[in-house]
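Counting along the sequence shown from 1, when you hit position 390 you're at 390 in UniProt numbering, and nothing is skipped either side. In what follows, a single structure is set out as structure tokens and then discussed.
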Amino acid sequence: LREESEQRGVCTIYCTHIFDGLDGWPTHIAALNNGKLLFCEPTENLGKMLDTPAEMRARGWGRLFCAVQRMLLEAMPRYSSLLSSTPQPSPAPPDAAVAISVRNLSWGYGGASRAALHDMSFELSRGWRVLLVGANGAGKTTLLKLLGGKHMLPQGTVQLLGYNAFHDTELNTLVSILSGDWTRQVACVGNGVPFQADFSVGFMANSFAEALIRDGMDAQLVRSRLARLTELLDLNMEWRLHKVSDGQRRRAQLLLKLLRPSQVLLLDEVTTDLDVLSRQALLQFLREESEQRGVCTIYCTHIFDGLDGWPTHIAALNNGKLLFCEPTENLGKMLDTPAEMRARGWGRLFCAVQRMLLEAMPRYSSLLSSTPQPSPAPPDAAVAISVRNLSWGYGGASRAALHDMSFELSRGWRVLLVGANGAGKTTLLKLLGGKHMLPQGTVQLLGYNAFHDTELNTLVSILSGDWTRQVACVGNGVPFQADFSVGFMANSFAEALIRDGMDAQLVRSRLARLTELLDLNMEWRLHKVSDGQRRRAQLLLKLLRPSQVLLLDEVTTDLDVLSRQALLQFLREESEQ
1 LREESEQRGV CTIYCTHIFD GLDGWPTHIA ALNNGKLLFC EPTENLGKML
51 DTPAEMRARG WGRLFCAVQR MLLEAMPRYS SLLSSTPQPS PAPPDAAVAI
101 SVRNLSWGYG GASRAALHDM SFELSRGWRV LLVGANGAGK TTLLKLLGGK
151 HMLPQGTVQL LGYNAFHDTE LNTLVSILSG DWTRQVACVG NGVPFQADFS
201 VGFMANSFAE ALIRDGMDAQ LVRSRLARLT ELLDLNMEWR LHKVSDGQRR
251 RAQLLLKLLR PSQVLLLDEV TTDLDVLSRQ ALLQFLREES EQRGVCTIYC
301 THIFDGLDGW PTHIAALNNG KLLFCEPTEN LGKMLDTPAE MRARGWGRLF
351 CAVQRMLLEA MPRYSSLLSS TPQPSPAPPD AAVAISVRNL SWGYGGASRA
401 ALHDMSFELS RGWRVLLVGA NGAGKTTLLK LLGGKHMLPQ GTVQLLGYNA
451 FHDTELNTLV SILSGDWTRQ VACVGNGVPF QADFSVGFMA NSFAEALIRD
501 GMDAQLVRSR LARLTELLDL NMEWRLHKVS DGQRRRAQLL LKLLRPSQVL
551 LLDEVTTDLD VLSRQALLQF LREESEQ
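Next comes the structure, spelled out in structure tokens:
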């Protein structure tokens with residue numbers, strides 16, 4: 001993305017809640033709050049905002065993460081007390097005991113050429129908070145699914161709380177597994193109510209609470225837990241789930257999943273849609289659960305903002321093998337941040353995981369700083385996006401989603417778009433991408449009117465998380481989770497671009513560079529790979545056609561650290577060249 005801006009003058013708006021490794025990437029930062037544009041400024045003009053307080057620097061938190069957290073706390077001061085508040089009374093934690101036991105676990109998917117997990121053995125105790133890290137395809141999600149009883153295993157191989165995973169149904173009320181699957185399925189959670197239907201959060205939450213009480217759970221405990229989670233997750237009980245943002249919908253899912261007290265929590269990328277403060281509040285709640293109730297938590301993520309100091313242990317996988325599972329205090333050398341990375345404002349855990357992955361995949365060292373393919377000279381600076389007095393709301397909504405917004409962005413800019421869940425970021429990107437009708441002249445890209453001028457179809461690309469909730473046809477219209485290989489889809493789309501008149505050498509060189517940067521295996525079958533690997537294939541097809549404007553809405557949530565860094569490098573080149 002850096003290459004696209006630096007070499008081709010591409011204007012990129014990147015909306016994200018993940019700030020690991022982003023320091024030094026954006027040329028500009030824009031912030032929204034409640035549908036209003038707070039500012040859109042060159043990064044060098046925001047020195048005071050980006051200055052990291054000593055206490056946060058000592059915790060190993062990254063500079064951009066700290067800046068956005070401070071900005072959101074100023075807009076939502078109630079979170080200041082929530083992030084350090086006294087929790088509701090809970091039962092005393094049990095004595096330390098084994099929560100999870102895995103013995104000589106090897107396992108593979110049917111028809112796969114190799115095992116997904118190899119000879120894995122470990123034990124986790126009650127009260128541990130384990131951060132599970134590794135590259136896309138390392139086996140993290142597979143491991144969590146096996147721990148959660150999603151696949152049959154020989155008895156005694158995997159045990160939780162003394163019960164056999166998959167076989168012993170006693171675990172149904174003792175173990176909770178939360179993953180990103182809710183965005184790819186109809187997503188029935190809690191009491192079996194579809195997650196994107198026209199129900200209010202209050203209806204779903206109260207229905208599930210009443211079901212728990214009918215099943216014999218203490219009513220006071222359920223109600224106090226519901227109140228605390230509602231406060232921590234900043235939920236509005238009037239929200240209609242088919243109208244809210246991904247982050248707001250994710251919060252409702254977390255409420256329903258965490259309302260029933262569990263003894264083991266298996267969390268697979270559950271914070272990808274949450275803003276900085278919601279993520280911190282959730283981590284605070286999980287810390288309380290482990291320290292007061294002895295809950296054992298495994299948290300698999302590629303987002304390391306603000307995580308320093310949270311895990312009691314760190315476990316790492318590579319190619320289906322367990323590299324280590326150690327107490328955090330034993331990993332001092334691994335967590336030591338080099339001076340040059342500290343100077344860039346990068347967080348400590350992010351730097352540690354990046355170094356570990358680079359040791360396992362050294363080819364990325366050259367990719368992250370490699371010379372790009374030759375591209376046309378960048379155009380003269382000119383207006384790429386013009387927004388004039390934009391106010392807009394969804395039909396039937398009680399208030400406008402965006403209020404009197406005006407700004408201009410030039411060719412070659414890389415704009416980081418930040419704001420809380422529900423601030424209007426996704427709505428703004430959809431309007432820029434022509435997804436809703438607007439009065440002509442209100443929103444223009446490259447001199448054309450958004451929605452009205454079809455010339456923009458080949459000049460502007462919008463990439464969002466919607467691909468995981470839909471059948472996800474991209475590129476040449478091939479379903480994204482069907483039994484096709486990456487190579488078939490990529491080559492079919494490349495041939496279509498050439499038939500449409502695009503220079504064949506440019507298409508082939510661009511295909512080769514993106515394949516290398518995204519570390520794609522052309523033999524991957526898209527219905528069998530991990531979310532991160534599937535996301536890389538989507539990015540390849542979306543970026544293969546050169547665009548003049550890129551609108552990116554949380555497209556790196558499934559990518560591991562190195563894939564994310566490689567993508568940002570490409571965007572920088574696109575903007576500068």
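C-beta atoms are modelled at their ideal positions from N, C-alpha and C, and glycine is treated no differently.
If you draw a 10 Å sphere on the C-beta of Asn389, you find fewer than 16 other C-beta atoms in it, and that means exposed. DSSP, reduced to helix, strand and coil, places Asn318 within a strand of the structure shown. Short of 6 Å from the beta carbon of Lys425, and not among the five residues preceding or following it, lie these beta carbons of its own chain, in chain order: Cys15, Leu32, Leu417, Gly419. Cα atoms of His151 and Leu178: separation of roughly 16 Å, rounded to the nearest angstrom. Spatial neighbours of His313 in its own chain (CB-CB distance under 8 Å, excluding positions within 5 residues in sequence) are listed in chain order as Leu124, Trp128, Arg129, Val130, Leu131, Cys325, Glu326, Pro327, Thr328. For the pair of segments examined, the stretch 285-303 was found to touch the stretch 256-265: the number of CB pairs separated by less than 8 Å reaches three. Around the beta-carbon of Pro311, 16 or more other beta-carbon atoms lie within 10 Å, marking it buried. Gly110 is classed as exposed because its beta carbon has fewer than 16 other beta carbons within 10 Å across all chains shown. Just measuring C-alpha positions, the residue of Gln284, Gln538, Ala135 sitting nearest Tyr364 is Ala135. Under the 10 Å beta carbon count, His28 is surrounded by 16 or more other beta carbons and is classified as buried.
Here Glu523 is exposed, its C-beta having fewer than 16 other C-beta atoms within 10 Å.
Contact between the stretch 221-232 and the stretch 161-180 is absent: fewer than 3 CB-CB pairs across the two stretches fall below 8 Å.
For the set Met71, Gly62, Ala58, Gly35, the Cα lying nearest the Cα of Met49 is the one of Met71.
Taken in chain order, the whole beta strand (DSSP E) runs of length 3 or more contained in the stretch 380-456 are 383-392, 402-410, 414-418, 443-445. Residue environment: Tyr299 is assigned as buried (16 or more neighbouring CB atoms within 10 Å of its CB, all protein chains considered). Distances from the alpha-carbon of Leu357 to those of Gly162, Asn104, Glu41, Gly137 put Gly137 closest. Pairing Arg535 with Asp553 gives a Cβ-Cβ distance that is not under 8 Å. Bridge partners of Thr297 according to DSSP: Arg129, Leu265. In this structure, the alpha-carbon of Ser386 lies about 55 Å from that of Ala219. Ile213 sits in a helix when the DSSP states are folded into three classes. Taking a cut-off of 8 Å for Cβ pairs, the stretch 143-160 and the stretch 263-274 touch, as three or more such pairs fall below it. Here Met56 has Cys66 as same chain residues with Cβ atoms under 6 Å from its own Cβ, once five neighbours each way along the sequence are excluded. In the structure shown, the three-state DSSP call for Thr12 is strand. Taking a C-beta distance under 8 Å as the contact criterion, Gly60 and Gly347 qualify as a contact pair. In the DSSP annotation of this structure, Ser176 is not part of any alpha helix (DSSP H); the continuous beta strand (DSSP E) holding it starts and ends at 175-178. Secondary structure at Ile498: helix, using DSSP grouped into helix, strand and coil. Here DSSP, grouped into helix, strand and coil, assigns Ala97 to coil.
By the neighbour-count definition (other C-beta atoms within 10 Å, threshold 16), Glu573 is a buried residue. Residue environment for Glu455: exposed (fewer than 16 other C-beta atoms within 10 angstroms of its C-beta). Note on Thr271: 16 or more other CB atoms within 10 angstroms of its CB, so buried under the neighbour-count rule. Taking the Cβ atoms as the reference, Leu463 lies roughly 5 Å from Lys542, within the contact range of under 8 Å. When secondary structure is reduced to three states using DSSP, Lys150 falls in the coil class, being assigned neither helix nor strand. DSSP assignment within the stretch 12-60 yields the following whole alpha helix (DSSP H) runs of 4 residues or more, N-terminal first: 54-58. Annotation: the stretch 478-559 contains the following complete segments of the beta strand (DSSP E) (minimum length 3 residues), in chain order: 549-553.
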